[in-house]
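Notes to accompany the following structure.
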Ligand SMILES: [Zn+2]
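Numbering (the working numbering), first residue to last: 185 to 316.
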């Protein structure tokens, strides 16, 4: 693993990444393609993804835990906005499929007795630059 800090990505960076896919029919990341948040399937090998950046600020622990749902969506909605300034996006790193460059957002949900790797496909149409 590299110890280099991941570059902080802007919304424009995310839009650019979302337009860079090399192919539409990738079998590597097909099991991960999910419009809303899902747990990473236990059968998927995460080393097939490459980290390209982060949405975490310098003080991620202090970042808001508020979510952004102006249109009545909820955390698991397929059409929930992707608002980098809000939870959980402000805890996310950005990964791309090593085979086709499809971008994904990933963070670790810490429950009382579990840790869950959550993943969501990056859909540029859902990006929302709102600030808390
Ligand atoms: Zn892929």
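Cβ coordinates follow ideal geometry from the N, Cα and C atoms, glycine included. Bear in mind the structure is a predicted one, so any value in this text is a computation, not a measurement.
Taken through DSSP and simplified to helix, strand or coil, residue 205 comes out as coil. Residue list for ligand 1: 210, 212, 213, 281, 283, 284 and 286 (CB closer than 5 Å to any heavy atom, chain order). The Cβ-Cβ distance between residue 212 and residue 283 falls below 9 Å. Counting only runs of 3+ residues, the beta strand (DSSP E) found wholly inside the region 246-291 occupies 277-281, in chain order.
Across the set 192, 203, 313 and 197, the C-alpha of 203 shows the shortest separation from the C-alpha of residue 286. Counting every other CB atom within 10 Å of its CB across the protein chains shown gives residue 280 a total of 16 or more, marking it as buried.
With a 10 Å radius around the Cβ and a threshold of 16 neighbouring Cβ atoms, residue 291 comes out buried.
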